[in-house]
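Residue numbers (the working numbering): 2 to 95. To keep things clear, I will list the structure first and then write my remarks on it.
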Amino acid sequence: MINKDKLVQSAITAFLVLSSSHSAIAASETTDSGSNEKCYGIVKAGMNDCSTATSSCAGSATKDSQPDAFVFMPKGLCDKLVGGSLKSETKPAS
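And the structure:
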């Protein structure tokens, strides 16, 4: 019985370690500043990678093609997309 409990605990621990390391690797690949850039104006509502001028968290874009919402993508790709911009098109507050 004790060996079975240790086996289950080991399996759970291994699963958690592998899951967290996979997430960390995916996050580092997504935000690697050397090979990726922010692309504004092409995001589908709720799918932005980080905060916008009007919100403070990822996934908070309220409409498609919101000009201040961005996603990370490989360098050079944003300029090839209709509506894609390397600069946020936010208007200064009046």
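Glycine included, each C-beta is placed from N, C-alpha and C at the ideal position.
Beta-carbon to beta-carbon, residue 53 and residue 66 are separated by about 12 Å, too far to satisfy the 8 Å threshold. Straight through space, the alpha carbons of residue 63 and residue 73 are spaced by roughly 18 Å. Annotation for residue 43: 82, 84 and 85 place their beta carbon closer than 6 Å to its own, counting only its chain and skipping 5 residues before and after. With contacts defined by Cβ atoms closer than 8 Å, residue 39 and residue 87 form a contacting pair. Residue 89 and residue 71 have their alpha carbons spaced roughly 8 Å apart. Distance from the CA atom of residue 48 to the CA atom of residue 59, rounded to whole angstroms, is 7 Å.
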